[in-house]
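Asks: Here you go, one structure.
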DNA sequence: TCGTTGACGCTAA
DNA sequence: TTTAGCGCCAACG
């Protein structure tokens with residue numbers, strides 16, 4: 008049954024890879040597109056990604072637009088700015104949401 | 001097996 | 001707009 012677990016993670020990474028460069032998505036937003044997955048599971052999947060992952064994990068933020076407070080937060084902020092996403096303090100304006 | 005933890009979401013104040 | 005409280009559920013010791 009481990010295959011089922013692996014499956015939704017693969018779908019998660021696929022959705023992430025297909026995300027437009029100038030758009031962000033919330034943990035819950037991704038979870039809604041994956042059957043039987045909630046925001047907390049998406050968050051856990053993100054935290055388990057390798058540091059040098061090629062996936063755009065930095066475009067996954069909280070539903071209220073704030074960046075999550077974690078070890079990679081500083082890098083996440085820098086990557087978002089590099090993608091042309093103008094942050095307002097520690098928040099991403101709603102217009103950037105998918 | 002069980003209690004705790006956590007890169008969350010939603011609602012009310 | 002911000003904060004607090006509660007619900008959710010897999011991972012971990």
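In the numbering used here, the protein residues as written are 8 to 105.
Every residue gets a Cβ at the ideal spot worked out from N, C-alpha and C, and that includes glycine.
Predicted model, so just to flag it, every value in this text is computed and none were measured.
By the three-class DSSP mapping on this structure, what secondary structure does residue 40 have?
Replies: Three-state DSSP puts residue 40 in coil, outside helix and strand.
Asks: Looking only at its chain, what residues have a beta carbon closer than 8 Å to the beta carbon of residue 58, apart from the 5 residues adjacent to it on each side?
Replies: 79
Asks: Could you compute how far the alpha carbon of residue 97 sits from the alpha carbon of residue 42?
Replies: 30 Å
Asks: Is it buried or exposed, residue 93, if we count other Cβ atoms within 10 angstroms and call 16 or more buried?
Replies: exposed
Asks: I think residue 63 touches residue 23, with their Cβ atoms under 8 Å apart; what is that distance to the nearest whole Å?
Replies: 6 Å
Asks: Between residue 103 and residue 67, is the Cβ-Cβ spacing less than 8 Å?
Replies: no
Asks: Going by CA-CA distance only, name the one from 72, 17, 21 and 29 that's closest to residue 88.
Replies: 29
Asks: Residue 81: buried (16+ other C-beta within 10 angstroms of its C-beta) or exposed?
Replies: Counting other Cβ atoms within 10 Å of its Cβ, residue 81 stays below 16 and is therefore classed as exposed.
Asks: Which stretch, first to last residue, makes up the alpha helix (DSSP H) that contains residue 80?
Replies: Here the alpha helix (DSSP H) through residue 80 covers 80-89.
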